[in-house]
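Numbering that gives the first Met the number 0 applies: residue 0 is where the sequence shown begins, and numbers increase by one.
Glycine included, each C-beta is placed from N, C-alpha and C at the ideal position.
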Amino acid sequence: MGKRRQQSFDLTQEKSLLNICPRQPWLTSHELGWDGIQVQCHRQPAYEYPEISCQQHAIFVGTNTLDLRMEHTILGKRQISQVMDGEVATIPANVESKSNCISKRDYDFIVLLLTPFQFANIAHEALDCDRVELIPHFLQPDPLIHGIALALKSELKLQKQANQLYVNSLTTSLSIHLIKNYSTFKGPLQEYEGGLPKYKLKQVIEYINSHIDREIKLTEIATMVDMSKYYFLRLFKQSMGVTPHQYLIQQRMEKAKQLLKQEKVSIVEVAAECGFSNQSHFARVFNKNTGLTPRAYRKNR
């Protein structure tokens, strides 16, 4: 009789996590509705995790793993290693794995869950290929994924104040990196140079500037100019020297400076007109980009 297939868990659901982890993640994007990705920040004790498969592509990133030793088994192959911060493991959807984590203290890691649909869609957009499969990988250093995970964690801490355009861009960059380095795809990605056509760039700039007071998603801009998210990101940066997210922040800061010169406009109103959900979030971003608080800028103008 063949081996009974393990149940495939939906790791985005709290009920599934309760069957797998001794503790719930202390921070998650579950309620935020991020497109194609869920981010979970875990702090767990020593524990032997059962053999499971999950419905999402799972990327595990160690972030505070001092003294953590792990025995990890994927599809019957085993790795025993001392886990280092920044090391990454990839487990494709519906692939069975288990791990035994041995540590004298709690350890931290980030889990990035990509829907197979999101991964396949970006592969199709970037490669014009309908079948690219993620390959399982044991723990190994990957500075790019580590950096993306930390950036997503920072956005996650903002909860509903997180910048959707930035999250979308990070998710796309993560997917492209996985396709290039962790998948069955072997050829080079098709490259386009020269930036966006002038009429499309003008259309995008006008759209961003006219919607500066609300969240903007990468999908809506890329769809507007009839491009994939991947190539739009590349060509926009070639044209402007900055990413769409960076451009949006620049424009919000310029608008904020103009509004702060008008004494009759309150700082709360400035924040709302520049697309920030509250005054404190606006103040943090303004200070980060100008070195001054909005109140100090208004006083010193």
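Exercise. Which runs of the alpha helix (DSSP H) fall wholly inside the region 265 to 296 and span at least 4 residues, in chain order?
Worked result: 266 to 272 and 278 to 289
For this session: Counting only the same chain and skipping the five closest in sequence on each side, list residues whose C-beta sits under 6 Å from that of Met252.
Result: The residue given as residue 252 occupies position 253 in the sequence shown. Around Met252: Asn288.
For this session: Give the straight-line distance between the Cα atoms of Ile207 and Ser238, rounded to the nearest whole angstrom.
Result: The sequence position of residue 207 within the sequence shown is 208, counting from 1. The sequence position of residue 238 within the sequence shown is 239, counting from 1. Going from the Cα of Ile207 to the Cα of Ser238 covers about 15 Å.
For this session: Report all residues from its chain with a CB closer than 8 Å to the CB of Leu17; omit the five preceding and five following residues, and keep chain order.
Result: As a working note, residue 17 is residue 18 in the sequence shown. The residues are Gln23.
Problem set entry | Inside the region 171 to 240 only - beta strand (DSSP E) runs reaching at least 3 residues | none
Exercise. To which residues does DSSP link Glu86 through a beta bridge?
Worked result: For the purposes of this step, residue 86 is taken as the residue at position 87 of the sequence shown. The partner list for Glu86 (beta bridge, DSSP) reads Pro140.
Exercise. If you draw a straight line from the alpha carbon of Gln78 to that of Phe137, how long is it in whole angstroms?
Worked result: Residue 78 sits at position 79 when you count from the first residue of the sequence shown. Residue 137 sits at position 138 when you count from the first residue of the sequence shown. Approximately 7 Å between the Cα atoms of the pair.
Exercise. Using the rule of at least 16 other Cβ atoms within 10 Å of the residue's Cβ for burial, across every protein chain shown, is Pro196 buried or exposed?
Worked result: Numbered from 1 along the sequence shown, position 197 holds the residue referred to as residue 196. Classification for Pro196: exposed.
Exercise. DSSP beta-bridge partners for Lys351?
Worked result: Shown here, the chain extends from 0 to 300; a query on residue 351 therefore has no answer.
Problem set entry | Sheet register partners of Tyr46 (DSSP bridge) | Counted from its first residue, the sequence shown places residue 46 at position 47. Answer by DSSP bridge pairing, in chain order: Cys100.
Exercise. Cα-Cα, which of Leu200, Gln54 and Cys128 is closest to Gly240?
Worked result: For this step, residue 240 is matched to residue 241 along the sequence shown. For Gly240, the nearest C-alpha among the options comes from Leu200.
Exercise. Apart from the five residues just before and just after Cys53, which ones in its own chain have a Cβ nearer than 6 Å to its Cβ?
Worked result: Position 54 of the sequence shown, counted from the first residue, corresponds to residue 53. Taken in chain order, the residues that qualify are Phe8 and Leu10.
Exercise. Going along the chain, which residues of its own chain have a beta-carbon closer than 8 Å to the beta-carbon of Pro140, five neighbours each way excluded?
Worked result: Walking along the sequence shown from the start, residue 140 turns up at place 141. Only Met83, Gly85, Glu86 and Val87 meet the Cβ criterion.
Problem set entry | Closest residue to Glu214 among Pro49, Lys103 and Glu272 (Cα-Cα distance) | Residue mapping note: residue 214 aligns to position 215 of the sequence shown, counting from 1. Checking every option, the nearest Cα to that of Glu214 belongs to Glu272.
Problem set entry | Val94 versus Leu151 - alpha carbon distance | The residue you call residue 94 lines up with position 95 of the sequence shown. The residue you call residue 151 lines up with position 152 of the sequence shown. About 25 Å.
For this session: For the alpha helix (DSSP H) containing Asn301, list its first residue and its last residue.
Result: Lying outside 0 to 300, the shown extent of the chain, residue 301 is not represented and no answer is given.
Exercise. Taking contact to mean at least 3 C-beta pairs separated by less than 8 Å, is the region 56 to 74 in contact with the region 100 to 107?
Worked result: yes
Exercise. Which residues in the same chain as Gly61 place their Cβ atom closer than 7 Å to its Cβ, once the five residues preceding and following it in sequence are excluded?
Worked result: As a first step, residue 61 must be located in the sequence shown, where it is residue number 62. The residues are Val82, Met83, Asp84, Gly85, Glu86 and Phe108.
Exercise. Per DSSP, what kind of secondary structure is Arg251 in: helix, strand or coil?
Worked result: As a working note, residue 251 is residue 252 in the sequence shown. Note: Arg251 maps to helix in three-state DSSP.
Exercise. From Glu332 to Ala125, what distance separates their C-alpha atoms?
Worked result: The structure shown does not extend to residue 332, since the chain is modelled only from 0 through 300, so no value can be given for it.
For this session: Give the range of the alpha helix (DSSP H) segment to which Glu13 is assigned.
Result: Against the sequence shown, residue 13 aligns to sequence position 14. Taken as a continuous stretch (DSSP letters only), the alpha helix (DSSP H) holding Glu13 covers Glu13 to Leu17.
Exercise. Under the rule that 16 or more other beta-carbon atoms within 10 Å means buried, what is Tyr198, buried or exposed?
Worked result: Residue 198 sits at position 199 when you count from the first residue of the sequence shown. Label assigned to Tyr198: exposed.
Problem set entry | Environment of Thr222 [buried if 16+ CB atoms lie within 10 Å] | By one-based count along the sequence shown, residue 222 stands at place 223. Exposed, by the Cβ-count rule.
Exercise. Is Ile58 helix, strand or coil when you go by DSSP?
Worked result: Residue mapping note: residue 58 aligns to position 59 of the sequence shown, counting from 1. DSSP places Ile58 in strand when its eight states are reduced to three.
For this session: Assign Val131 to one of three DSSP states: helix, strand, or coil.
Result: One-based indexing of the sequence shown puts residue 131 at position 132. Coil, per DSSP.
Exercise. Where does Ser7 sit, in a helix, a strand or coil, going by DSSP?
Worked result: The residue given as residue 7 occupies position 8 in the sequence shown. Note: Ser7 maps to strand in three-state DSSP.
Problem set entry | Check whether Thr292 and Asn299 have beta carbons under 8 Å apart | Numbered from 1 along the sequence shown, position 293 holds the residue referred to as residue 292. Numbered from 1 along the sequence shown, position 300 holds the residue referred to as residue 299. Contact: no.
For this session: Could you name the residues of the same chain whose beta carbon sits closer than 6 Å to that of Phe231, not counting the 5 residues immediately before and after it, in chain order?
Result: Reading the sequence shown from its first residue, position 232 is the one you call residue 231. Closer than 6 Å at the Cβ level, and outside the excluded window around Phe231, lie Ala221.
Exercise. With a CB to CB cut of under 6 Å and the five nearest residues on each side skipped, what residues in its chain are close to Lys2?
Worked result: As a position in the sequence shown, residue 2 is number 3, starting the count at 1. Because the pLDDT of Lys2 is 46, which lies under 50, any placement of that residue in the model is unreliable, and the question is left without a value.
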